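Just below is one structure, and these are the notes that go with it.
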Amino acid sequence: MKKLKNEKELVKKAITMGMEYGEKRGVVEFEATDSAAEKVEYIYRLLVHDKLIQPLPEDQVSQQSMQHKLAIWASKQKP
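Numbering of the sequence shown is given in my numbering, commencing with residue 15 and proceeding in unit increments.
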């Protein structure tokens, strides 16, 4: 897995966009106490469920790989 140039910023962008997407869809309400890791996992699984991103093989799912997938997703979204 090749790291993107600005992956940290893209992950932050993906979390923000994913939270908005989930809340608009009415499937989740994020709390201030939710950790970034919990948000990443929920957003990843939601986007996979909605077929917006390709799922990783279950044995390759990790926090780092989910963040990478979300960063790629965010980089392809309109600003």
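In this text, a Cβ means the ideal position worked out from N, Cα and C, and glycines have one as well. Please read all numbers here as calculations on a predicted model, not as lab measurements.
query	result
Proximal residues to LEU18 (C-beta, below 8 Å), its chain only, five neighbours per side dropped	LEU24, HIS82, ALA85, ILE86 and SER89
GLU43 beta carbon less than 8 Å from that of GLU34	no
ILE67, DSSP secondary structure in three states	coil
Three-way DSSP call (helix, strand, coil) for LEU18 in this model	coil
From GLN91, LEU70 and LYS92, residue whose alpha carbon lies closest to that of MET8	Since the first residue of the chain shown is 15 and the last is 93, residue 8 is not available in this structure.
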